[in-house]
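What follows is one structure encoded as C-alpha cells, with my remarks underneath.
Numbering (my numbering), first residue to last: 419 to 971.
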C-alpha cells in the first residue's frame with residue numbers, strides 16, 4: 419500500500435516536471451512562431467508592395483498594348499472600310515453595266531416590236547388597199563350589172579315594139595300570103611313564128627357570147643387571184659432524199675469488224691436490209707446505197723446500233739435489223755397519225771396511218787411525197803375556201819391523192835388506181851376517191867374539189883425548186899426545144915434560158931412583119947406543147963428588131 423502511494427507520488431512529481439518542461443518548450447515555440455509570423459507579415463507587406471508595383475506595371479503594359487491594338491484595329495478597320503468601299507464601287511459599276519445591258523436589250527426589243535408593228539401596219543394598209551380595190555371592182559361590176567339590166571330592159575322594149583310591129587306585119591303578111599299563096603291562117607302563123615324564132619335566136623346567141631366572154635374574163639381573173647393567194651399563204655420547206663446515207667464511225671478500225679471474217683458480216687447485213695454497204699478508203703465513214711429511202715433508214719439505224727453495241731456478227735445483225743424494222747413500223751404509223759391531226763382529220767381509218775406515214779420515205783423526182791401531199795392539201799383547201807367550196811373535202815383529197823405511191827412499187831399498177839382501192843377499202847368519201855382518180859385522168863371529175871386537187875398537185879410539182887431531174891434528161895429537153903425552134907424558117911438564133919422555162923427567138927426583121935412574127939410564135943408554142951414533155955409552162959419570146967448603122971467620119 420505504502421509502495422503504491424510512493425509510486426503515485428513519484429509519478430505525480432514526474433508528471434509535474436514534465437508539464438513544466440512542456441510548458442517551457444511550448445512557450446519557446448510560441449515565441450519563435452510569433453517571430454516568424456512577424457517576418458511573414460513583413461514579407462507579406464513587401465510582397466504586397468511588389469505585387470502592387472508589378473500590377474501597376476502590368477496594367478500600364480496592358481493599357482499600352484490595348485492602345486496599340488486599338489490603333490491596329492482602327493487601322494485595319496479603316497483599310498477594311500476602304501476595301502469594302504472599293505468592292506461596293508465595283509459592285510455598283512457592275513450592276514450599272516448590267517442595267518445598261520438590260521436597258522439596251524429592252525430598247526432593241528422595243529425597236530424590234532416597233533418594226534414588227536410598222537410591218538403589220540404596212541401589211542394591214544396593203545390589205546385595206548386590196549379590199550378597197552375589190553370594193554371598187556364590185557362597185558364597177560354592180561354598175562355593169564345595172565347597165566346590163568338597163569340594156570336588157572331596152573332590149574325587152576325593143577322586143578315588145580318589134581312584137582307589136584310583127585303583130586301588125588303578121589296580119590298584113592297573112593292577108594298578103596292568103597291573097598298570093600292562098601295560105602291558111604295557121605300556115606301563115608307557123609311561117610311567121612319560124613322567122614321570129616330565128617331572129618330571136620340570133621339576138622340571144624349574140625347576147626350570150628358577150629356575157630360568156632365577160633364571164634370568162636372575170637373567172638380567169640378570179641382564178642389567178644385565188645391561185646396567187648393560196649401559193650403566197652403556203653411556203654413550206656421541201657426536203658429531198660438522196661440515194662445514199664452516210665454513217666460516221668468512231669474509228670477507222672471498225673470497218674474491219676463490219677466486214678467480218680471473209681466478209682460474212684457485211685453479206686449478212688446487206689441480205690437483211692436489202693441495201694448496198696460501201697466501205698472504201700474514205701476515213702471514218704461508211705456509205706449506205708439504195709433507191710428505197712425506207713430501206714436506207716432501216717439500214718442506217720441498224721448499223722448505228724451495231725456500232726454502239728460493239729457486237730457485230732450475223733446473229734446480232736439479224737436481231738438488231740428485226741427490232742429496228744418493228745420500231746420503224748410504229749414510227750411510220752405515228753408519223754401518219756400526226757400528219758392527219760396536223761391537217762385536222764380525226765376520222766381517218768387507223769390502217770391508213772401506215773400508208774400515209776410511209777409516204778415520207780418515198781420520193782418523186784427527188785420531191786418528198788408526204789411533204790408534197792401536205793402541200794397539195796393546204797393549196798387545195800385554200801383554193802376551195804376562196805371559191806366557197808368544201809375546204810375539208812379538198813384538203814382530204816389532197817392528202818390522199820398520192821397514197822397509192824406507198825405500195826404501188828410493191829403491188830404494181832398505177833398509183834392512182836391503187837390509192838383509190840385503198841381509199842374504198844377504208845371507207846373514204848366518194849369525193850376523195852374521185853380526186854385520187856381524176857388527178858391522173860383515170861375518170862372524169864364529178865366534184866369541183868377533185869379539179870382543185872389536180873390543180874394543186876400541178877402547182878406543187880411544177881413550182882421552181884420543188885423537183886430535180888437528171889442532168890442528162892434536162893440537157894436533152896433544152897436541146898430538143900432549141901432544135902424545134904431552129905427548124906422554123908426565118909429564125910436566126912434561139913436561146914433556152916431560165917432552166918428551160920423561157921425561149922427567146924431572134925428573127926430576121928427584113929423577112930418577117932410583126933403579124934408574121936406573132937403567128938410564128940404561136941406555131942412554135944403549139945409544136946413545143948405537142949412534142950416536148952415539161953413541167954409547168956414555157957414562155958416563148960420572139961424578138962424582131964431593125965438596126966441601122968452609120969459611121970461618122
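Glycine residues also receive a C-beta, built at the ideal position from the N, C-alpha and C atoms.
Residue environment, residue i, which counts as buried when at least 16 other CB atoms sit within 10 Å
i, result
"residue 484", "exposed"
"residue 659", "Confidence at residue 659 is low in this model, with a pLDDT of 43, below 50, so its placement is unreliable and the value that follows should be read with caution. Looking at its Cβ environment, which holds 16 or more other Cβ atoms inside 10 Å, residue 659 is buried."
"residue 689", "exposed"
"residue 717", "buried"
"residue 536", "exposed"
"residue 702", "exposed"
"residue 796", "buried"
"residue 779", "buried"
"residue 687", "buried"
"residue 654", "Here the model assigns residue 654 a pLDDT of 44, short of 50, so the residue's position is not dependable, and the following value carries that caveat. Classification of residue 654: exposed, given that the 10 Å Cβ count is below 16."
"residue 799", "buried"
"residue 553", "exposed"
"residue 633", "exposed"
"residue 544", "exposed"
"residue 809", "buried"
"residue 459", "exposed"
"residue 937", "exposed"
"residue 549", "exposed"
"residue 449", "exposed"
Anticipated Cβ contact below 8 Å, residue i with residue j, distance rounded
i, j, result
"residue 838", "residue 855", "5 Å"
"residue 824", "residue 776", "4 Å"
"residue 930", "residue 908", "5 Å"
"residue 811", "residue 867", "5 Å"
"residue 711", "residue 757", "That belief does not hold up - the Cβ atoms of residue 711 and residue 757 are roughly 17 Å apart, past 8 Å."
"residue 814", "residue 763", "6 Å"
"residue 806", "residue 774", "In fact, because the Cβ distance is near 28 Å, the residues do not count as touching under 8 Å."
"residue 836", "residue 829", "6 Å"
"residue 693", "residue 667", "Not a contact, Cβ separation roughly 17 Å."
"residue 962", "residue 932", "7 Å"
"residue 911", "residue 902", "At roughly 14 Å, the Cβ-Cβ gap does not stay under 8 Å, so residue 911 and residue 902 are not in contact."
Per-residue DSSP class, three states only, for residue i
i, result
"residue 889", "In this prediction, residue 889 has a pLDDT of 49, which is less than 50 and means its spatial position is unreliable; what the coordinates show is noted afterwards. Correct three-state label for residue 889: helix."
"residue 915", "strand"
"residue 695", "strand"
"residue 922", "strand"
"residue 907", "coil"
"residue 861", "coil"
"residue 955", "coil"
"residue 786", "strand"
"residue 663", "strand"
"residue 505", "helix"
"residue 961", "strand"
"residue 534", "helix"
"residue 781", "strand"
"residue 974", "Outside the shown range of the chain, which is 419 to 971, sits residue 974, and nothing can be said about it."
"residue 970", "coil"
"residue 761", "coil"
"residue 866", "helix"
"residue 850", "helix"
"residue 767", "coil"
"residue 844", "coil"
"residue 565", "helix"
"residue 572", "helix"
beta-carbon residue i near the ligand ZN non-hydrogen atom, thresh 7 Å
i, result
"residue 492", "Annotation note on the ligand ZN: not contained in the displayed structure, which lists no ligands."
Notebook entry, point to check: Taking three-plus beta-carbon pairs below 8 Å as touching, is the segment 784 to 793 in contact with the segment 744 to 751?
Noted result: Contact annotation: the segment 784 to 793 does not touch the segment 744 to 751, with fewer than three C-beta pairs closer than 8 Å.
Margin query: For the structure I just gave you, are there three or more beta carbon pairs, one from the segment 863 to 881 and one from the segment 828 to 846, closer than 8 Å?
Written below: no
Exercise. Pair every Cβ in the segment 717 to 733 with every Cβ in the segment 759 to 776, then say whether three or more of these pairs are closer than 8 Å.
Key: no
**Q.** Three CB pairs or more closer than 8 Å across the segment 914 to 928 and the segment 949 to 965
**A.** yes
| request: May I ask you to verify whether the segment 724 to 734 touches the segment 673 to 686, counting CB pairs closer than 8 Å and requiring at least 3? | output: yes
Scan the segment 674 to 754 and note each continuous beta strand (DSSP E) run of 3 residues or more that stays entirely inside, going in chain order.
-> 694 to 696 and 703 to 707
Q) At what residue ranges does the segment 473 to 528 contain a whole run of the beta strand (DSSP E), taking only runs of 3 or more? A) none
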